[in-house]
Amino acid sequence: MAQQAAKRQQAIDEFKRLTETKPDKSFVNGSWTLHIHYWARRTKNEGQYGVLLHQGAVVEPQQIGEVIETDLGKLKYYCHLEDEKPTWEPSGWNFADPSKIHSSLGKTVEEFAVNHMDNKTDYYKKLEDDEMR
Numbered sequence: 015m016a017q018q019a020a021k022r023q024q025a026i027d028e029f030k031r032l033t034e035t036k037p038d039k040s041f042v043n044g045s046w047t048l049h050i051h052y053w054a055r056r057t058k059n060e061g062q063y064g065v066l067l068h069q070g071a072v073v074e075p076q077q078i079g080e081v082i083e084t085d086l087g088k089l090k091y092y093c094h095l096e097d098e099k100p101t102w103e104p105s106g107w108n109f110a111d112p113s114k115i116h117s118s119l120g121k122t123v124e125e126f127a128v129n130h131m132d133n134k135t136d137y138y139k140k141l142e143d144d145e146m147r
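In structure tokens, the structure reads:
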């Protein structure tokens, strides 16, 4: 229990650090803004966290995996910052279409993962499983 609380606090601290700085990328259309923050840029441990704003207010997800239609297109809430996941997978809000999600070097998440995974088959199996849901 204490380990989970410490992990959650670490994620909260990381979120504050990320969001108190200027986002690395911003996408704006109409009243919607998606800010993307990267950490460990240009390394195999690079990660990203997306913060979605509507009319200047942070959009809180109803659940993990939630997809909403915005002026930016379909956006998905992938997971919380503190959730266990491979570092290259997005967390927070990002585009529902993985081909629109890019690393800081401009590679798609799929390309980035393939270049940094020991077992690429697991990655493609996960993509197929996600599509089946």
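Under our numbering, the first residue of the sequence shown is numbered 15, with each subsequent residue one higher. Ideal Cβ positions, reconstructed from N, Cα and C, are used throughout, including at glycine. On a predicted model such as this, the values are computed, not experimentally measured, just so you know.
Exercise for the section: Scan the segment 60–93 and note each continuous beta strand (DSSP E) run of 3 residues or more that stays entirely inside, going in chain order. Expected result: For the segment 60–93, whole beta strand (DSSP E) runs of length 3 or above, ordered along the chain, are 61–68, 81–84, 87–91.
Problem - Assigned secondary structure, SER113 (DSSP; H/G/I helix, E/B strand, else coil) - result: In the three-state DSSP reduction, SER113 falls in the helix class (H, G or I).
Handout entry: 8 Å contact criterion, which GLY106 and TYR91 should meet: CB distance rounded
Key = Correct: roughly 7 Å between the Cβ atoms.
Problem - Cβ-based neighbour list, ARG55, same chain, cut-off 7 Å, excluding 5 preceding and 5 following - result: For ARG55, where only same-chain residues beyond five positions count, the Cβ hits under 7 Å are SER118.
Practice task
Return the chain-ordered list of same chain residues with a C-beta closer than 6 Å to the C-beta of TRP53, the five sequence neighbours on each side being excluded.
Solution key: Cβ contact annotation for TRP53 (same chain, cutoff 6 Å, sequence separation greater than five): GLY61, in chain order.
Problem - Through-space distance from TRP102 to LYS134, alpha-carbon basis - result: Here LYS134 scores only 43 on pLDDT, less than 50, and its place in the model should not be relied on; the value that follows carries that caveat. Between the C-alpha atoms of LYS134 and TRP102 there is a straight-line separation of about 13 Å.
Exercise for the section: Please report how far the alpha carbon of ASN43 lies from the alpha carbon of GLN24, in whole angstroms. Expected result: For ASN43 and GLN24, the distance between alpha carbons rounds to 32 Å.
Handout entry: TRP46 - containing beta strand (DSSP E), residue span
Key = Where TRP46 is concerned, the enclosing beta strand (DSSP E) stretches over 46–53.
Practice task
Check the C-beta distance from LEU89 over to ALA110 and give it rounded, since I have them as a contact under 8 Å.
Solution key: Right, their Cβ atoms sit about 6 Å apart.
Handout entry: Minimum C-alpha distance to PRO104 - residue among THR84, ASN59, GLN76
Key = Restricting attention to THR84, ASN59, GLN76, the CA atom closest to the CA of PRO104 is found in ASN59.
Exercise for the section: Could you work out which residue in VAL73, ALA16, ASN108, ILE115 is closest to SER45 when comparing CA atoms only? Expected result: Of the residues VAL73, ALA16, ASN108, ILE115, the one whose Cα lies closest to the Cα of SER45 is VAL73.
Exercise for the section: May I have the straight-line CA-CA distance separating GLN76 from THR57, to the nearest angstrom? Expected result: Looking at the two C-alpha atoms, the distance is approximately 32 Å.
Practice task
Measure the beta-carbon distance from GLY64 to ASN108 and round it to whole angstroms, keeping in mind my assumption that it falls under 8 Å.
Solution key: Between the beta-carbon of GLY64 and that of ASN108 there is about 4 Å, and that keeps the pair under the 8 Å contact cut.
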